[in-house]
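Reading through the structure tokens given below for one structure.
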Amino acid sequence: MDGERRPRARLDRWTWPGLFVVAISIVLLRVQPSRMHELPRGMLTPVVALELARTPEEVERIFGRDPEERARFDVRMTRATFIDFALLATYGIFLAGVAYELSRDGSYAARAGVVLALGAAGFDAAENAQLLRIFANLGGDYREAVATLSYVTWGKWWCLGAYFVAVARAAWTFGGFARAACVCGVIGAAASVVAQPLRGVAAEIMLNGTSVGIAGLVVASYRQRIEVQRRVKKP
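Just so we're aligned, residue 1412 is where the sequence shown starts under my numbering, counting upward by one.
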């Protein structure tokens, strides 16, 4: 009976990749500038404002006009973008692993989450490549990079949003922090639909809903790991 009540998914197998996601995210928060110059209306997070920039002129306004400050922003954003390659690799592995575990009850939607997680990481890598092109050509001509950036950035965010929609039912059944994670992730997914044309507050909700959703899955995997260890230690 006890075996029937426990979820079949073993999220605890993916705890370490999840913890690496958290650790690298903390490093990024320290490296990225928390404030820059003129962000699009309603936006507070510089890195998301740059990801969603629509023209070179908008990018230039975000970096400001002061040469020394622009240089500092350039160095910090370039470093953060290289670090982000490590983050996208770890979150891609973690989210794909979680989706695989959640699909063990036969959920084809959760199984699609494996592909969506890896797709998000792939788009993120392409996004970083375009951001590096932009940072290397500030003050020059990088209109093509900005145009490409829009496609790959929304590819990333929509894959992440679709991921949480795909795993939502299985995560809800799993319960606990996985249930809370899917709620936050689906809120982020809904916000991404509004953020594409409007950006602003909707983009911030998209960012935070997705981030909290991923963090919730990390906590769910860690808590299950602790529970499994306790059961193993019991005589």
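From the three backbone atoms N, C-alpha and C, an ideal C-beta is built for every residue, glycine too.
It should be emphasised that the depicted structure is a prediction, and the values quoted were computed from it without experimental measurement.
Mark residue 1478 as exposed unless 16 or more other C-beta atoms lie within 10 angstroms of its C-beta, in which case mark it buried. exposed
Rounded separation between residue 1559 and residue 1540 - CA only: 10 Å
Local Cβ density within 10 Å of residue 1567, reported as buried at 16 or more and exposed below that: buried
Does the distance from the C-beta atom of residue 1496 to that of residue 1484 stay below 7 Å? no
Return the CA-CA distance between residue 1472 and residue 1464, expressed in angstroms with no decimal places. 10 Å
Beta-carbon separation (whole angstroms), residue 1431 vs residue 1501, contact threshold 8 Å: 5 Å
For residue 1554, I'd like the list of residues in its chain whose CB is within less than 7 Å of its CB, leaving aside the five on either flank, ordered along the chain. 1467
Under the three-state DSSP convention, the category residue 1454 falls into: coil
Residue 1554: first and last residue of the uninterrupted alpha helix (DSSP H) it sits in: 1554-1585
Reduced DSSP category for residue 1449 - H, G, I as helix; E, B as strand; rest coil: coil
For the stretch 1419-1426 against the stretch 1622-1642, are there 3 or more C-beta pairs whose distance is under 8 Å? yes
In whole angstroms, what is the alpha-carbon distance linking residue 1523 and residue 1462? 26 Å
Terminal residues of the alpha helix (DSSP H) in which residue 1541 lies: 1519-1547
Please report the Cβ distance between residue 1486 and residue 1510, rounded to the nearest whole angstrom; I am assuming they are in contact, meaning their Cβ atoms lie under 8 Å. Incorrect: roughly 36 Å between the Cβ atoms, too far for contact.
For residue 1485, the three-state DSSP class (helix, strand or coil): helix
Short of 7 Å in beta carbon distance, which residues of its chain neighbour residue 1456, apart from the five on each side in sequence? Order them along the chain. 1615, 1618
Buried versus exposed call for residue 1434 [16 or more other C-beta atoms within 10 Å across all chains shown]: exposed
Element boundaries [alpha helix (DSSP H), containing residue 1427]: 1426-1442
Here's a check: name, in chain order, each residue in its chain whose Cβ is nearer than 8 Å to the Cβ of residue 1412, leaving out the five neighbours to either side. Legend: pLDDT at residue 1412 = 35, less than 50; position of this residue unreliable, value from coordinates given subsequently. So the list is empty, once near-sequence residues are dropped.
Consult DSSP for residue 1624 and reduce its assignment to one of helix, strand or coil. helix
Would the beta-carbon of residue 1517 fall within 7 Å of that of residue 1575? no
Top-ranked residue by Cα proximity to residue 1451, from 1621, 1613, 1620, 1644: 1613
Span separating the alpha-carbon of residue 1631 from that of residue 1585: 9 Å
Taking just the CA atoms, how far does residue 1480 sit from residue 1547? 15 Å
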